[in-house]
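Residue numbers for the sequence shown follow this note's numbering, so the first one is 10 and each next one is one higher.
Idealized CB from N, CA, C, for every residue including glycine.
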Amino acid sequence: MRTPAAGAGRRAAAAERRRPGTAARGDAGTGRVPAGAGHRRSRSRSGSRETVRGQSRQDGPRGGRGHQGLLHPDTGEQVDVRAKIVITGLAVTVTAGAVTVVAVRPSDEPPPARPATSTVEIRELTRTEVLSGTLTYRDPRELSSPKGGTLTWLPSVGQDIAPGSVLLSVDTQPVVLLDGTVPAWRDLAPGVSDGPDVAQLESSLAALGYDVGTADARWTSRTTKAVKRFQEETGAAEDGVLALGEVVFTKGSVHIAEVKGHVGGKNTPGVPVLAVQSTDRVVTLELDPAKRDLLGQGAQVGVTLPSGKVVPGRIATVSTALTPNAQGKSVHAVTVTLDDPATVTAPALAPVTVRHTATVAAGVLSVPLSAILGVPGGGYAVDVVAGDGAVTRVPVELGAWGDGHVQVSGAIAAGTRVEVPA
C-alpha cells in the first residue's frame with residue numbers, strides 16, 4: 010500500500026525534473042526518462058507494446074506490470090487503462106492520459122475512379138494486311154536449241170541476256186536470242202513461204218535497228234540484207250540464211266536461273282539446256298483463302314525491301330485455284346509487279362514485306378473492339394455509360410471489323426459513350 014510520504018516524494022522528484030536546466034537522466038531502477046525528453050506515446054504494429062514519453066508496458070501478464078503500468082507524464086502517478094481500444098479509420102491523440110478520437114470524414118478518401126470510355130462514331134473501317142513475300146523474276150521457263158552438237162559456251166547463273174545477244178554456242182557457232190513468242194520450227198531463208206515466223210523475225214530485227222522495210226510475213230531482199238548484217242555482228246556465217254537452231258525466240262530479255270548443260274557436253278534438240286526467267290523483278294507470296302477478298306487484281310501495295318526502302322507495286326495476279334505450299338496448307342499464289350523494277354537492286358530470292366490496306370466498310374457505326382462483351386448464351390453487348398456514370402448493358406449486332414474497331418447496330422447511336430478497358 011502506497012503512503013502519503015511516498016507519494017509526496019515522487020511528486021517532488023517529478024517537479025525537480027521539470028525545473029529548467031535540469032539535466033535529463035534515467036531514473037535508476039525504473040528505466041524511466043524525463044517527461045521533457047520529447048518521447049511520444051506510440052503503439053507498435055504488432056500491438057504488443059505501448060510507450061508514453063519513454064515508459065513502456067507489456068500487454069498482459071508477460072509485461073509484469075499489467076494494464077496499470079502507464080505513468081502520468083506530469084505527476085508520475087499510474088494511469089489506470091482498463092480497456093483495450095481497437096480503432097479503425099479513426100485518428101487518436103493522447104494528452105495527459107486522455108484519449109481523443111476524431112473520425113476521418115468520408116470526403117477525405119479518393120472517390121471511386123470512373124470507367125474509361127470511348128465514343129460511338131461513324132467511320133470508315135480499313136484493314137491492313139502485312140504479308141511475307143520473295144523478290145524474284147517472273148515467267149520462269151526452260152530453253153533448248155534444236156541445233157545438235159557439242160556445247161562450247163554457256164552463260165553463268167544470274168546473267169541477264171538481251172535480244173540480239175549470244176545465248177549459247179554449239180560447235181563454236183553462236184545461238185542468238187531474239188524477241189518473240191513463236192518457236193523456231195524451220196529454216197528461214199530467201200524464198201521461204203510467208204508465215205508468222207517471218208513476221209516475228211523481221212519485227213525482232215527492226216527492234217534491234219536493222220532495216221527490214223515493212224515488217225510483215227513476207228521475206229524480201231531487204232530481209233536478206235538485214236539478216237547478213239545481223240550475222241556479221243553476232244559472229245555467225247554471213248550467208249543470209251538462218252538455219253534451224255541458229256536463233257532462239259523468247260519474250261524479251263532473260264535472266265539465267267539455272268544452267269542445265271555443261272561445256273563439252275552434248276546439246277540434244279528438245280532437251281532444255283537453260284532455265285530462265287524474265288528480267289522483270291516481281292514479288293511472289295502466298296495468300297490465305299480467308300483473306301482472298303482483301304487482295305484484288307490491280308490493288309496498290311507497298312513493298313519493303315531488305316534495305317528498308319519501300320517501293321510501290323500492284324497485285325498482278327491472284328490464282329483462283331488453291332495449291333499446297335511447303336507446309337501442306339492450301340493457299341492462293343499471288344504475284345506483285347513493281348512500278349519501277351529497274352530501281353530494285355536486291356538479289357534474287359531476297360525476303361520482302363508486302364503491305365496492303367483495304368477498305369472493308371465505309372460510313373458505318375462503330376466502337377472499339379475492346380468495348381464488345383460476350384453475352385452468356387450467345388450474342389454481344391456494350392456497356393453504355395451515362396453522364397452521371399450510370400452503366401447500362403445494351404445488346405448489339407456486329408458487322409465488319411478493321412483498324413481495331415467493329416461495326417455495330419442496335420439501340421445505340423453515334424456520340425454514345427461506351428465503356429472500354431482502362
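Could you check the C-alpha separation between Thr181 and Leu197 for me, to the nearest Å? Numbered from its first residue, the sequence shown carries residue 181 at position 172. Numbered from its first residue, the sequence shown carries residue 197 at position 188. Cα-Cα distance, rounded: 21 Å.
Residue environment, Gly157, which counts as buried when at least 16 other CB atoms sit within 10 Å: The residue you call residue 157 lines up with position 148 of the sequence shown. Flag for Gly157 reads exposed.
Whole runs of the alpha helix (DSSP H) within the region 361 to 390, excluding any shorter than 4 residues: none
In or out: His341 buried (at least 16 other Cβ within 10 Å) or exposed? Residue mapping note: residue 341 aligns to position 332 of the sequence shown, counting from 1. Buried, since its Cβ has 16 or more Cβ neighbours within 10 Å.
Using a 10 Å radius around the Cβ and a threshold of 16 neighbouring Cβ atoms, would you call Thr232 buried or exposed? Within the sequence shown, residue 232 is the residue found at index 223, counting from 1. Buried, since its Cβ has 16 or more Cβ neighbours within 10 Å.
Give the DSSP bridge partners of Phe258, in chain order. Sequence index remark: in the sequence shown, residue 258 carries index 249 (1-based). Note: Phe258 sits in a beta bridge opposite Leu187.
Reducing DSSP to helix, strand and coil, say where Glu211 ends up. Sequence index remark: in the sequence shown, residue 211 carries index 202 (1-based). DSSP places Glu211 in helix when its eight states are reduced to three.
Since Arg402 is in the beta strand (DSSP E), which residue starts that stretch and which ends it? As a working mapping, residue 402 is identified with position 393 in the sequence shown. Note, Arg402: beta strand (DSSP E), 400 to 411.
Going by alpha carbons, who is nearest to Val191 out of Val256, Val415, His414, Thr425? For the purposes of this step, residue 191 is taken as the residue at position 182 of the sequence shown. Closest by alpha carbon: Val256.
Taking the straight line between their C-alpha atoms, what separation do you get for Arg74 and Arg123? Mapped onto the sequence shown, residue 74 falls at position 65. Mapped onto the sequence shown, residue 123 falls at position 114. With a pLDDT of 39 at Arg74, under the threshold of 50, the predicted position of this residue should be treated as unreliable, though the coordinate-derived value follows. Distance between the alpha carbons of Arg74 and Arg123: 53 Å.
Between Arg323 and Ala308, which are expected to be in contact by the criterion C-beta below 8 Å, what is the C-beta distance as a whole number of angstroms? The count along the sequence shown starts at 1 and reaches residue 323 at position 314. The count along the sequence shown starts at 1 and reaches residue 308 at position 299. That belief holds up - the Cβ atoms of Arg323 and Ala308 are roughly 7 Å apart, short of 8 Å.
So, with DSSP's three-state summary, where would you put Ser178? Mapped onto the sequence shown, residue 178 falls at position 169. Ser178: strand per DSSP, three-state reduction.
Distance between Thr326 and Trp228 (C-alpha atoms, nearest Å): By 1-based counting over the sequence shown, the position of residue 228 is 219. By 1-based counting over the sequence shown, the position of residue 326 is 317. Roughly 39 Å separates the two Cα atoms.
Identify whether Ser141 lies in helix, strand or coil by the three-state DSSP scheme. Here residue 141 refers to the residue found at position 132 of the sequence shown. Of the three classes helix, strand and coil, the one that applies to Ser141 here is strand, per DSSP.
Put Gln416 into one of helix, strand or coil per three-state DSSP. Here residue 416 refers to the residue found at position 407 of the sequence shown. Gln416 falls in the strand class under three-state DSSP.
Considering only their Cβ atoms, is the gap separating Pro164 from Ile265 smaller than 7 Å? One-based indexing of the sequence shown puts residue 265 at position 256. One-based indexing of the sequence shown puts residue 164 at position 155. For Ile265 and Pro164, yes; Cβs fall inside 7 Å.
So the alpha helix (DSSP H) Thr232 belongs to, where does it begin and stop? One-based indexing of the sequence shown puts residue 232 at position 223. Its alpha helix (DSSP H) spans residues 230 to 243.
Which residue marks the beginning of the beta strand (DSSP E) containing His264, and which one marks its end? Residue numbering aside, residue 264 sits at position 255 when the sequence shown is read from its first letter. Residues 263 to 268.
Pull the bridge partners of Arg147 from the DSSP assignment, please. Counted from its first residue, the sequence shown places residue 147 at position 138. Answer is none; Arg147 lacks a bridge partner.
Closest by CA to Thr425, which one among Lys338, Asp392, Leu314? Here residue 425 refers to the residue found at position 416 of the sequence shown. Answer by Cα proximity: Asp392.
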